[in-house]
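In the UniProt record's numbering, the protein residues as written are 1 to 124.
Next up, the structure:
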């Protein structure tokens, strides 16, 4: 069942991307694309029409919140933000942009998988 979910991973850290892809693929999710900045997130979303984007907040070229605003103009894809920052203003900005979930790095599998499942099943 999880294979039909198209997931995109966006993070400027290749190790984080690799870890996320591995965790999700081991659970049967279909990770269809990866990117390293918000600009790539926008392009990949338009190209692949994913069910879920897992995206870092702080990235070069375009941050995750800016990318979310652009993506929201043409898609209601579920977006789960990852960040090393847990400040209240960042959480408020994420909520205002329509973020479905918010996890603070480092993300552990036991935190990521329930959040992904919750976000995806809650949007059906």
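Every residue gets a Cβ at the ideal spot worked out from N, C-alpha and C, and that includes glycine.
In this text, all values refer to a predicted model and were calculated from it rather than measured experimentally.
Under the three-state reduction of DSSP, residue 91 is assigned to helix.
Annotation: the continuous beta strand (DSSP E) that includes residue 101 extends over 101–104. In the structure shown, residue 116 falls within a helical segment according to DSSP collapsed to helix, strand and coil. Contact check for residue 55 against residue 64 passes: the beta carbons are separated by less than 7 Å. Contact check between the segment 31–51 and the segment 80–87: fewer than three CB pairs, one atom from each, fall below 8 Å, which does not count as touching. Counting only the Cα atoms, residue 96 lies some 23 Å from residue 111. Residue environment: residue 45 is assigned as buried (16 or more neighbouring CB atoms within 10 Å of its CB, all protein chains considered). Of 52, 93, 98, the smallest CA-CA separation from residue 10 is found for 52.
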